[in-house]
Amino acid sequence: MDYLKRAHELAEEIVANRRYLHQHPETGLDIPVTKAYVEEKLTEMGYQVQHVGPGLVAMAGSGNPVVLLRADMDALPMEEESGLPFASLTPGKAHCCGHDNHTAMLLGAARLLKENEANLKGTVKLMFQPGEEVGKGAFAMVEAGVLENPKPDAAMAFHVDAATPLGIFHYGKGATFCSTDVFTIEVFGKAGHGARPHQAIDSITAAAHIVTALEALIAREATPTETNMLTICSIESDTKVFNVFPTQVTMTGSVRSYSQEQRDLLLQRMEETVEGIAKTFRCTSKITYGSQFGTLVVNDALEDEMRGYLEEALGGEATVVDPPIVKMGSEDFAGVTAHVPSAFFFVGAGPDRENGYFCTQHNSKVRFNEEMLPWGAAGFAHCATKWLENHSK
Numbered sequence: 095m096d097y098l099k100r101a102h103e104l105a106e107e108i109v110a111n112r113r114y115l116h117q118h119p120e121t122g123l124d125i126p127v128t129k130a131y132v133e134e135k136l137t138e139m140g141y142q143v144q145h146v147g148p149g150l151v152a153m154a155g156s157g158n159p160v161v162l163l164r165a166d167m168d169a170l171p172m173e174e175e176s177g178l179p180f181a182s183l184t185p186g187k188a189h190c191c192g193h194d195n196h197t198a199m200l201l202g203a204a205r206l207l208k209e210n211e212a213n214l215k216g217t218v219k220l221m222f223q224p225g226e227e228v229g230k231g232a233f234a235m236v237e238a239g240v241l242e243n244p245k246p247d248a249a250m251a252f253h254v255d256a257a258t259p260l261g262i263f264h265y266g267k268g269a270t271f272c273s274t275d276v277f278t279i280e281v282f283g284k285a286g287h288g289a290r291p292h293q294a295i296d297s298i299t300a301a302a303h304i305v306t307a308l309e310a311l312i313a314r315e316a317t318p319t320e321t322n323m324l325t326i327c328s329i330e331s332d333t334k335v336f337n338v339f340p341t342q343v344t345m346t347g348s349v350r351s352y353s354q355e356q357r358d359l360l361l362q363r364m365e366e367t368v369e370g371i372a373k374t375f376r377c378t379s380k381i382t383y384g385s386q387f388g389t390l391v392v393n394d395a396l397e398d399e400m401r402g403y404l405e406e407a408l409g410g411e412a413t414v415v416d417p418p419i420v421k422m423g424s425e426d427f428a429g430v431t432a433h434v435p436s437a438f439f440f441v442g443a444g445p446d447r448e449n450g451y452f453c454t455q456h457n458s459k460v461r462f463n464e465e466m467l468p469w470g471a472a473g474f475a476h477c478a479t480k481w482l483e484n485h486s487k
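Residue numbers for the sequence shown follow this note's numbering, beginning at 95 and rising by one.
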């Protein structure tokens with residue numbers, strides 16, 4: 095079956111799916127509207143859909159070997175300002191990371207695979223997961239048994255990239271996404287009048303010194319030849335009054351690294367630094383952690399193999415380029431790669447073949463060029479089919 099030709103024939107359907115999902119974004123692990131839509135589409139195609147943990151699973155073909163294709167479905171808790179006619183209809187939620195594209199591509203691949211099911215030399219397991227942005231969806235599905243009955247022998251995922259020109263695919267080697275530890279730091283002082291600081295305990299000043307000291311951990315304590323990041327992305331106090339010292343200041347951020355040794359060092363020194371500076375300013379402190387997961391590591395041999403199939407699938411319309419790409423972001427597909435040899439590719443979704451969009455992922459004005467959707471659908475289906483052919487017993 096010519097998957098690329100058929101994907102272009104299905105382009106209107108794939109785009110319609112993407113636009114519906116884009117208009118109805120949901121966040122976190124609980125995404126009932128999105129799941130119902132995906133399940134309805136899969137059922138119409140003839141799939142028997144399973145609920146596995148917070149996500150959905152469907153299978154094409156039968157027997158061994160087994161290859162898993164994954165798409166994430168959740169959005170971000172932010173407003174959309176793209177100006178698109180199909181922009182988010184839900185205040186405070188938007189598909190500004192592009193997961194609606196991933197889901198639409200995998201739905202397209204699901205139709206292609208179902209139409210060619212009689213020729214599959216094994217099983218393609220389709221994994222639709224929520225909660226990637228909170229770092230819990232893949233792990234919850236793994237815990238619920240997504241990697242069993244049947245157990246995948248290989249896995250693959252895509253991620254769109256608005257900063258990369260249309261028609262350019264990138265790939266990873268080894269460690270491709272960072273480990274992530276999301277943290278909340280609370281600094282507690284004593285409220286008082288802004289004109290009498292000696293009668294208060296100033297949690298604002300303590301928090302300010304903590305921010306600059308944490309930045310110094312990367313500059314002065316992390317190994318310079320390693321890639322690490324520690325960022326504070328929000329800070330607020332429990333008062334907004336100009337002449338009242340707050341009782342509490344809360345900061346949130348994340349630690350990211352490709353090295354477990356560096357990760358352990360930064361987490362330890364962060365805790366010591368926060369406690370020490372808080373005490374210096376007569377404050378107390380507390381650190382709590384949200385999502386925490388390790389580095390996403392692709393299997394180099396599988397990545398090379400899937401890259402060859404992907405280039406076949408694209409038929410010269412797009413290309414996979416060197417060098418391997420490294421992302422400082424995180425990806426909870428790491429929950430799968432920790433157990434199954436996996437490949438991961440980045441799909442250029444810029445406005446044309448020369449440029450990326452000025453506003454990219456996690457920006458309220460981000461856009462994604464829908465011309466790449468058939469390539470993703472065909473890429474998913476072709477890579478899975480060829481892998482099964484070459485690994486069937």
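We treat Cβ as the ideally placed atom computed from N, Cα and C, and that holds for glycine.
So, under 8 angstroms CB-CB, V146 and V240 are touching, yes? Tell me the CB distance rounded to an integer number of Å.
Numbered from 1 along the sequence shown, position 52 holds the residue referred to as residue 146. Numbered from 1 along the sequence shown, position 146 holds the residue referred to as residue 240. With 8 angstroms as the limit, V146 and V240 qualify as a contact, their Cβ atoms being about 5 angstroms apart.
Given this structure, state the Cα-to-Cα distance separating S273 from M250, to the nearest angstrom.
Along the sequence shown, read from residue 1 onward, the residue named residue 273 stands at position 179. Along the sequence shown, read from residue 1 onward, the residue named residue 250 stands at position 156. Spanning the two alpha carbons is a distance of roughly 19 angstroms.
Contact defined as beta carbons within less than 8 angstroms: I believe N322 pairs with A316. What is the distance between those atoms, to the nearest angstrom?
Against the sequence shown, residue 322 aligns to sequence position 228. Against the sequence shown, residue 316 aligns to sequence position 222. Correct: roughly 4 angstroms between the Cβ atoms.
Which residues bound the beta strand (DSSP E) around E455?
For this step, residue 455 is matched to residue 361 along the sequence shown. The amino acid at residue 455 is misidentified as Glu; the sequence shows Gln. From DSSP, Q455 is part of no beta strand (DSSP E); its letter is neither H nor E.
Given that a residue counts as buried once 16 or more other Cβ atoms are within 10 Å of its Cβ, and exposed if not, what is L183?
Within the sequence shown, numbered from 1, the residue matching residue 183 stands at position 89. Classification of L183: exposed, given that the 10 Å Cβ count is below 16.
Mind pulling the alpha helix (DSSP H) runs of 4 or more residues that sit fully within the stretch 183-230?
193-209
According to DSSP, is V236 part of a helix, a strand, or is it coil?
Mapped onto the sequence shown, residue 236 falls at position 142. Looking at V236 - three-state DSSP - the assignment turns out to be helix.
From which residue to which residue does the beta strand (DSSP E) around Y265 run?
In the sequence shown, counting from the first residue as 1, residue 265 sits at position 171. First-last of the beta strand (DSSP E) with Y265: 262-265.
Does E103 come out as helix, strand or coil in the three-state DSSP assignment?
The sequence position of residue 103 within the sequence shown is 9, counting from 1. It is helical.
Would you check if the distance between the CB atom of V160 and the CB atom of T217 is smaller than 7 angstroms?
Locating residue 160 in the sequence shown gives position 66, where the first residue counts as 1. Locating residue 217 in the sequence shown gives position 123, where the first residue counts as 1. Yes. Within cutoff.
Tell me the start and end of each unbroken alpha helix (DSSP H) in the stretch 95-182 that is at least 4 residues and wholly inside, in chain order.
Those alpha helix (DSSP H) runs which fall completely within the stretch 95-182 and span 4+ residues are 97-103, 105-117, 126-139.
Quick one: what's got a C-beta closer than 6 angstroms to H433's C-beta in the same chain, skipping five residues either side?
Numbered from 1 along the sequence shown, position 339 holds the residue referred to as residue 433. These residues qualify, in order along the chain: L241.
Using 8 angstroms for Cβ pairs, my map puts I298 next to S331. What's the rounded Cβ distance?
Mapped onto the sequence shown, residue 298 falls at position 204. Mapped onto the sequence shown, residue 331 falls at position 237. Beta-carbon to beta-carbon, I298 and S331 are separated by about 6 angstroms, close enough to satisfy the 8 angstroms threshold.
Using a C-beta cutoff of 7 angstroms, does E237 count as contacting chain C?
No chain C appears in this structure, which consists of one protein chain only.
With distances taken between CB atoms, is the gap from P148 to A234 smaller than 7 angstroms?
In the sequence shown, counting from the first residue as 1, residue 148 sits at position 54. In the sequence shown, counting from the first residue as 1, residue 234 sits at position 140. Yes. Within cutoff.
Can you tell me whether M422 is buried or exposed? The criterion is at least 16 other CB atoms within 10 Å of its CB, across all chains shown.
The residue labelled residue 422 in the question sits at position 328 within the sequence shown. M422 should be labelled exposed.
Please confirm if the stretch 457-467 is in contact with the stretch 300-308, defined as three or more CB-CB distances below 8 angstroms between the two stretches.
no
Is it right to say A212 is buried, meaning 16 or more other beta carbons lie within 10 angstroms of its own, or is it exposed?
Locating residue 212 in the sequence shown gives position 118, where the first residue counts as 1. Flag for A212 reads exposed.
In chain order, what residues of the same chain have a beta carbon less than 7 angstroms from the beta carbon of A169, not counting five sequence neighbours either side?
Here residue 169 is taken as the residue at index 75 of the sequence shown, counted from 1. Excluding residues within five positions, the ones whose Cβ falls inside 7 angstroms are P119, E120, T121, K187, A188, H189, H193.
Tell me, to the nearest whole angstrom, how far the beta carbon of L311 is from that of R447; I am working on the premise that it is less than 8 angstroms.
On the sequence shown, residue 311 is found 217 positions in, with the first residue counted as 1. On the sequence shown, residue 447 is found 353 positions in, with the first residue counted as 1. That pair is no contact at about 41 angstroms.
Residue ranges of each alpha helix (DSSP H) run of no fewer than 4 residues wholly in the stretch 436-485, ordered along the chain?
Complete alpha helix (DSSP H) runs here, min 4: 467-485.
Apart from the five residues just before and just after S424, which ones in its own chain have a Cβ nearer than 6 angstroms to its Cβ?
Position 330 of the sequence shown, counted from the start, is the residue given in the question as residue 424. F271, C272, T274.
Measuring alpha carbon to alpha carbon, tell me which residue in L98, E226, T341 is nearest G288.
Working through the sequence shown from its first residue, we reach residue 288 at position 194. Looking at the Cα atoms, T341 is the closest of the given residues.
Based on Cα-Cα distance, which residue from D124, Q223, A248, A181 lies nearest to V236?
Here residue 236 corresponds to residue number 142 of the sequence shown, with the count starting at 1. For the residues D124, Q223, A248, A181, the minimum Cα distance to V236 belongs to Q223.
Identify every run of the beta strand (DSSP E) within the stretch 335-415, keeping only runs that are complete inside it and at least 3 residues long; order them along the chain.
342-351, 378-387, all fully within the stretch 335-415.
Pick out whichever of L467, G429, T479 has its Cα sitting closest to the Cα of H102.
Position 8 of the sequence shown, counting from 1, holds the residue named residue 102. Per the C-alpha coordinates, the member of L467, G429, T479 positioned closest to H102 is L467.
Once the 5 residues before and after Y97 are set aside, which same chain residues still bring their CB inside 7 angstroms of it?
Position 3 of the sequence shown, counted from the start, is the residue given in the question as residue 97. If we look at Y97 and ignore the five residues flanking it on each side, its Cβ neighbours are L206, A407, A472, A475, H476.
By Cβ distance, which residues of its chain are closer than 6 angstroms to Q386, with the 5 residues on each side in sequence left out?
Residue 386 sits at position 292 when you count from the first residue of the sequence shown. So the qualifying residues of the chain are D275.
Please return the same chain residues whose Cβ sits closer than 7 angstroms to the Cβ of T333, not counting the five positions on each side in sequence.
By 1-based counting over the sequence shown, the position of residue 333 is 239. Counting only Cβ-Cβ distances below 7 angstroms, and skipping sequence neighbours, we find P340.
Just curious, the beta strand (DSSP E) that A432 is in, first and last residue?
Residue mapping note: residue 432 aligns to position 338 of the sequence shown, counting from 1. Where A432 is concerned, there is no enclosing beta strand (DSSP E), given that its DSSP letter is neither H nor E.
For A395, count neighbouring C-beta atoms within 10 Å of its own C-beta (all shown protein chains included) and say buried if the count is 16 or more, exposed if not.
Locating residue 395 in the sequence shown gives position 301, where the first residue counts as 1. Looking at its Cβ environment, which holds fewer than 16 other Cβ atoms inside 10 Å, A395 is exposed.
Applying the criterion that 16 or more other CB atoms from any shown protein chain within 10 Å of the CB defines a buried residue, is M345 buried or exposed?
Translated into positions along the sequence shown, residue 345 becomes position 251. Burial state of M345 is buried, judged by a 10 Å Cβ sphere holding 16 or more other Cβ atoms.
Per DSSP, what kind of secondary structure is I295 in: helix, strand or coil?
Position 201 of the sequence shown, counted from the first residue, corresponds to residue 295. In this structure, DSSP gives I295 an extended state, which the three-state scheme calls strand.
Expressed to the nearest angstrom, what Euclidean distance is found between the alpha-carbon atoms of T431 and C377?
Walking along the sequence shown from the start, residue 431 turns up at place 337. Walking along the sequence shown from the start, residue 377 turns up at place 283. Their Cα atoms are separated by approximately 42 angstroms.
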